[in-house]
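Notes follow once the structure below has been shown.
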Amino acid sequence: MFYDVYCALCEKNGLTPSGAASKIGFNRASVTVWKNTGKAPKQELLLKIADFFGVTTDYLLTGDENKKAPTQEGERKVSDDDIKFALWGTREIDDDVLDRVKQFAKFAQENEKNK
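UniProt numbering puts the sequence shown at residues 1 to 115.
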């Protein structure tokens with residue numbers, strides 16, 4: 001998905017995928033990796049690309065123009081996929097691992113309350 005959205009944004013802006021990589025300032029070989037593996041870049045690069053094209057990172061990852069950023073705290077529920085991407089840079093993490101991380105976060109939160 002990311003690669004297709006990236007290529008469409010490049011075309012819309014009159015750039016080749018490799019040309020955009022050069023302008024944004026990352027290795028053009030990354031484009032080939034995205035094409036061949038279907039993976040998205042790590043968060044730091046994803047933010048640079050989103051900034052360059054003037055789109056959200058959600059749009060880069062999903063192609064969904066209707067997703068709006070939250071305007072007030074707590075307005076948007078964070079999905080499991082969002083948590084996976086934030087912690088590991090990919091959404092392809094076993095759900096059991098994510099469940100253990102959530103359990104630990106709840107445990108740590110309770111410990112903070114009891115201090």
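Ideal placement from N, C-alpha and C gives every residue a C-beta, glycine not left out. This one's a predicted model, so the numbers in the text were calculated from it and none came from an experiment.
In terms of alpha-carbon separation, which member of the options lies closest to residue i?
i, options, result
"Phe52", "Thr32, Asp80, Trp34, Gly19", "Gly19"
"Ser30", "Asn13, Ile49, Gly14", "Ile49"
Spatial neighbours of residue i within its chain, please: CB distance less than 8 Å, with the 5 preceding and 5 following residues excluded, ordered by chain position.
i, result
"Val55", "Leu9"
"Ser22", "Arg28"
"Asp4", "Gly63"
"Lys84", "Thr90, Arg91, Glu92, Ile93, Leu98"
"Asp13", "For the record, residue 13 in the displayed sequence is Asn; it is not Asp. Correct list, in chain order: Ala20, Phe53."
Please look up how many angstroms separate the CB atoms of residue i and residue j, rounded, as I've assumed it's under 8 Å.
i, j, result
"Asp80", "Leu98", "6 Å"
"Leu47", "Phe2", "Rounded, the Cβ-Cβ distance is 13 Å, inconsistent with contact."
Using C-beta distances below 7 Å, list every residue in its chain close to residue i, excluding the 5 sequence neighbours before and after it, in chain order.
i, result
"Phe26", "Leu45"
"Arg11", "Correcting the residue type first, residue 11 is Glu in the shown sequence and not Arg. Around Glu11: no qualifying Cβ."
Within the continuous alpha helix (DSSP H) that includes residue i, where are the two ends?
i, result
"Ile24", "17-24"
"Val55", "Neither: Val55 is in no alpha helix (DSSP H) and is coded neither H nor E."
"Ala40", "Looking at the DSSP string, Ala40 is not in any alpha helix (DSSP H), and its letter there is neither H nor E."
"Arg100", "95-113"
Within its chain, find whatever has a CB closer than 6 Å to the CB of residue i; leave out the 5 residues flanking it on each side and keep chain order.
i, result
"Cys7", "Pro17"
Inset, instruction - Assess, as a yes-or-no matter, whether the region 30-45 is touched by the region 86-101 under the definition of 3 or more beta carbon pairs within less than 8 Å. - result: Short answer: they touch.
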